[in-house]
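Structure, as structure tokens:
Protein chains: 2
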Amino acid sequence: MTPAIPTNAAIDTASVIALLERGRTLATPMLRAAVARLAPPMDTVAAYHFGWIDAEGNPAHGDGGKAVRPALALLSAEAVGAEPEIGVPGAVAVELVHNFSLLHDDLMDGDEQRRHRDTVWKVHGPAQAILVGDALFALASEVLLELGTAEAARATRRLTLATRRLIDGQAQDISYEHRERVTVEECLEMEGNKTGALLACSASIGAVLGGADEATADALEAYGHHLGLAFQAVDDLLGIWGDPEATGKKTWSDLRQRKKSLPVVAALAEDGPAARRLGRLLAEDATKSQREFEDFSEEEFAVRAALIEEAGGREWTSREARRRHATALQALEGVDMPGSVRERFAALADFVVVREG
Amino acid sequence: MTPAIPTNAAIDTASVIALLERGRTLATPMLRAAVARLAPPMDTVAAYHFGWIDAEGNPAHGDGGKAVRPALALLSAEAVGAEPEIGVPGAVAVELVHNFSLLHDDLMDGDEQRRHRDTVWKVHGPAQAILVGDALFALASEVLLELGTAEAARATRRLTLATRRLIDGQAQDISYEHRERVTVEECLEMEGNKTGALLACSASIGAVLGGADEATADALEAYGHHLGLAFQAVDDLLGIWGDPEATGKKTWSDLRQRKKSLPVVAALAEDGPAARRLGRLLAEDATKSQREFEDFSEEEFAVRAALIEEAGGREWTSREARRRHATALQALEGVDMPGSVRERFAALADFVVVREG
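So the sequence lines, in the order shown, correspond to chains B and P.
With my numbering as the guide, the letters of the first sequence map in order to residues 1 to 357.
With my numbering as the guide, the letters of the second sequence map in order to residues 358 to 714.
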């Protein structure tokens, strides 16, 4: 599709790619060393999850994700005048927590594919998905606290609070599945917990390790929180109207899963013929089995997508992404930081809202 | 059965009961307050797990376990001259980690009963068992790190390392199930991880919060580690020869589950006719389905138990419990602490090895 959020500014893509690449390059050795501490077979299972080996144990160069979180952690160290390297244990810790949550969520949600590969519970069984998730969560605190500094303890506390919100978000996501209606506010709260909290922590953890005061850390967290909500709004748009080639997912992916994502709940909140027709259709859909539902024709999903758009759900979500993008940048205004760091925070925010996959 | 480990000393049972009761009384309010922070429905699921409410949500006074860990945490604060109250956040944190591991282990092991009640995954489903376990683990760090002290950060680091060993132990336990033979050393390593590590942390965490130096904390950990192994050896004896009335488990409980516990692996390590006959029987048993196996007559289990005893597995495990009991007390010798505290550490160790349930 055309970018969800066209902006007037030319995006500094090269700067974003360099930032993401630096995050991966600096964080990966310490991440691999942390994972290597796990007792067998958990080390192997974790290496498979991270895409370092395939299901047979052969070296692989799998897709480890965009790695926005480590990039943010390093940049946030620079925001307080520290070397990016100061943020590395923070980058590793947020990646560990992020992957702990993926391992457990994929099992709870019964998702069989992640990053174009079979999920861990599918390949190695549910017990390994639970165990390795637990171990990665523990490792996250371990890599921070072994620094032995007051800053590391503060960083761990913030990470722990973010993790609890991550868990809250997953609990809400699960409970919403069984409900007929979810409000826009509930959806935003869930996404703020599930996506916003850990991005908020990523955007501040390097600064905390670099000795940031609480106000600076809070402002950076606010940037990350709104960035997370912008990211999720775009994700929700891509989940319906994304190009399968770019997203790596099926067409109408979120509709196939009957996800109560932002465009859907925003459309249902409207009061017009399209919203009402959509409401009736989705209520009927809810009575069908998942298999029956997945076998719908492309046409049938296209009808639902058109109704969501007609009711205003697509436009509302686009505007929401722009609002969050703007609020994220505003949060940085009160923080005194080098201009080059501020520019990269802005470029990353632009990238998040214009991405197509 | 008669006590697994008859000792010459009269056990100061009253002192142990008072110690356990104090642990529960001081730690429970903070534990309940921590659990109350969880978002619904996780707060309810956790309250069910702790036995505070029943499956319908009505108040209950369930069996919350012996609460050896909180008792140890408080006593360890006193070991360095601090008030027992200093140990309370540590007591709460170890209880949270202990219960996190119970929630996840019961799910992984498919155990349907815990403390005479249906397990959480059985009542509330696997997703809640995973989520609430994760949340309790996060809460453990949270209650410690919000103290904001260097001591709390040290305590959290030690707790995190203990948790990783706990996870290692569960991974070993699972992998041993699929193996025909397990050595005594492997069994001891697994039990040291699964039971020893968190008792070691419990026995030192109050002292760490009270400002203990590393040598003192390490000595208290050594006491807890060996106490844990003594505890587990007795547990393994009770798992075969325990009185169902006292243990709350079926007769021959561990044999029914084909557990490769200490008496079994110690018996198989011997070289005599009983050990060989036992080896052949257990190899045959391994080819049977779990259902087929559970339907064995009392007589058939009694034959296996008698062979374990004849081969020396019962006596070896009894001696192991006594050895660990002695080593635990020796570990305390180098620590300068009030006599009354040392006496209670000793009474608790005595209690652990003479208990019948």
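Every residue, glycine too, gets a C-beta built ideally from N, C-alpha and C.
Under 8 Å by beta carbon: chain B residues contacting residue i
i, result
"P/Arg426", "Within 8 Å Cβ-Cβ: nothing; P/Arg426 doesn't reach chain B, min ~18 Å."
Identity of the residues DSSP links to residue i by a beta bridge
i, result
"P/Asp475", "P/Gln470"
"P/Ile410", "P/Pro416"
Per-residue contacts from residue i into chain B (C-beta, under 7 Å)
i, result
"P/His461", "Ile130 and Asp134"
"P/Ile531", "Ala127"
Neighbouring residues, chain D, relative to residue i (Cβ below 8 Å)
i, result
"P/Met465", "Although the question refers to chain D, the structure presented lacks it and instead comprises the protein chains B and P."
Neighbour flag for residue i against chain B, beta carbons, 8 Å
i, result
"P/Asp525", "yes"
"P/Ala574", "no"
"P/Ile443", "no"
"P/Ala390", "no"
"P/Ala569", "no"
Contact under 8 Å by Cβ, residue i with residue j
i, j, result
"B/Gly224", "B/Leu199", "yes"
"B/Val92", "B/Leu31", "yes"
"B/Gly357", "B/Thr251", "no"
"B/His104", "P/Asp491", "yes"
"P/Ala497", "P/Leu459", "no"
"P/Ala587", "P/Val402", "no"
"P/Ser433", "P/Leu577", "yes"
"P/Leu431", "P/Gly563", "yes"
"B/Phe50", "B/Val68", "no"
"P/Ala632", "P/Ala624", "yes"
"B/Ala155", "B/Leu238", "no"
"P/Val622", "P/Thr506", "no"
"P/Arg676", "P/Leu376", "no"
"B/Ala233", "B/Cys201", "no"
"B/Leu188", "B/Ala328", "no"
"P/Val489", "P/Met547", "no"
"B/Asp218", "B/Asp236", "no"
"B/Leu348", "B/Val16", "yes"
"P/Arg514", "B/Leu145", "yes"
"B/Arg22", "B/Ala71", "yes"
"B/Val80", "B/Thr216", "yes"
Where residue i meets chain P, residues with beta-carbon distance less than 7 Å
i, result
"B/Leu145", "Ala510, Thr513, Arg514 and Thr517"
"B/Thr163", "Ala495"
Interface partners of residue i on chain P, CB under 8 Å
i, result
"B/Ser141", "Ser498, Thr513, Arg514 and Thr517"
"B/Ala150", "Ala507 and Ala510"
heavy atom of the ligand HEM below 7 Å from residue i C-beta
i, result
"B/Leu281", "What this structure holds is no ligand at all, so the ligand HEM is not there to describe."
Within-8 Å CB hit, residue i to chain P
i, result
"B/Ala93", "no"
"B/Ala171", "yes"
"B/Met1", "Note that B/Met1 scores a pLDDT of 49, beneath 50, so its modelled location is shaky and nothing firm can be said."
Counting only Cβ-Cβ distances shorter than 9 Å, please list the residues of the region 39-59 of chain B near chain P, keeping chain order.
Ala39, Pro40, Pro41 and Met42
Taking a Cβ distance cut-off of 9 Å, strictly less, list which residues of the region 542-562 of chain P are near chain B, in chain order.
Asn550
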